[in-house]
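Read through the structure below, which is laid out as structure tokens, and then see the notes.
In our numbering, the protein residues as written are 90 to 426.
In structure tokens form, the structure reads like this:
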């Protein structure tokens, strides 16, 4: 980002000072204001059901909010509950589906046709380690990966964390979630045919240590939340590295709207990650034009131990933010004050 700013501002004394000040503002850990208020108890579950860990959230073109919920616990392995839930913006339940299919719902996307994409990030008893495409009515339209099989081949995953769909329909899967799992981005065409992959474990450009989130901007650039490296890496669709940002701290989830606003869920900085003790966890808001962080919605349980706050984030057409929380087992809505 420093290179970008120095190109934007001429290398005069004034331009250099402006670039340095902007860069400092972007990298300041916790100085940004919180212009949002929290709406608690959002999402009315049916039949007395209680929230489990929310492993993904997305908003469709009708401003319906879709949540991937781990069956009242932190796993769906032994449950027949539907993990895919649809709500209106007020949190009224509309419908659900997907029961008995998933082990560990993790990472969610909606394509331009309103189809629901969801990763299954673990494997057990012949299920999991896959990516599913559903119609809005719950019909399975496409499946990637082999059920219950962890691997490194073009037709297997090992703990897939997130999925993003390019404007032309190509599919990009962030494959890996720590331990002995993978650290790669896998690209398929719209029909699920393998095209290419890039990445392995490391900290250099194009390498990953838990590629936990993926999102596209309006220009078709891919943003990867490289969580354990405390950075966002930006690529073109061929996997060519463009730049990296560290000012959004430790990214678990990324959402970019059509105007270029970027929302980054950080569920591990501060007390949960020893590499980020000076940073608060929460949701950081900025703009991809300059990469500067302009707002921070801090986790209210900032002094608690373990992972908290949102791991997945989405925004509706009115600018309301939805954060899917794993540790607190909740979904929160944030609106401008």
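Glycine residues also receive a C-beta, built at the ideal position from the N, C-alpha and C atoms.
Range of the contiguous beta strand (DSSP E) that encloses residue 273: 273-277
Helix, strand or coil at residue 232 according to DSSP, with G and I counted as helix: Three-state DSSP puts residue 232 in a strand.
Segment contact flag, the stretch 149-160 with the stretch 369-382, C-beta cutoff 8 Å, min 3 pairs: no
Beta-carbon separation (whole angstroms), residue 118 vs residue 368, contact threshold 8 Å: Confirmed, Cβ separation roughly 4 Å.
Unbroken beta strand (DSSP E) run spanning residue 126, endpoints: Here the beta strand (DSSP E) through residue 126 covers 125-128.
Through-space distance from residue 232 to residue 387, alpha-carbon basis: 37 Å
Through-space distance from residue 203 to residue 244, alpha-carbon basis: Distance between the alpha carbons of residue 244 and residue 203 is about 25 Å.
Residue 225 to residue 198 span [Cα, whole Å]: 12 Å
Nearest to residue 377 (by Cα), restricted to the options 337, 192 and 229: 337
Residue 161 - DSSP class collapsed to helix/strand/coil: coil
Inter-residue Cα distance where the pair is residue 417 and residue 348: 31 Å
Rounded separation between residue 288 and residue 266 - CA only: 14 Å
Pair within 7 Å by beta-carbon distance, residue 293 and residue 124: Contact: no.
Contact test: residue 322 Cβ vs the ligand HEM heavy atom, cutoff 6 Å: Among the components of this structure there are no ligands whatsoever, and the ligand HEM is therefore not found.
Assigned exposure category for residue 215 - 16 Cβ within 10 Å defines buried: exposed
Cα-Cα separation, residue 192 to residue 324: 30 Å
Selection from 174, 134, 145 and 246 that minimises the alpha carbon distance to residue 194: 145
Residues near residue 342 by beta carbon distance below 6 Å, same chain, minus five either side: Taking residue 342 as the centre and dropping the five residues before and after it, the same chain places the C-beta of 302, 354, 400, 401 and 402 closer than 6 Å to its C-beta, in chain order.
Nearest-angstrom Cα separation, counted from residue 151 out to residue 211: 31 Å
Integer Cβ distance of residue 346 from residue 404, believed to fall under 8 Å: 6 Å
DSSP three-state assignment for residue 250, whether helix, strand or coil: strand
Whole-Å CB distance - residue 413 paired with residue 143, under 8 Å assumed: 4 Å
Reduced DSSP secondary structure (H/G/I, E/B, other) of residue 376: strand
Straight-line Cα distance separating residue 322 from residue 313: The straight-line gap separating the alpha-carbon atoms of residue 313 and residue 322 is approximately 5 Å.
Where the beta strand (DSSP E) containing residue 140 begins and where it ends: From DSSP, residue 140 is part of no beta strand (DSSP E); its letter is neither H nor E.
Top-ranked residue by Cα proximity to residue 163, from 424, 419, 423 and 426: Among 424, 419, 423 and 426, the Cα nearest to that of residue 163 is on 419.
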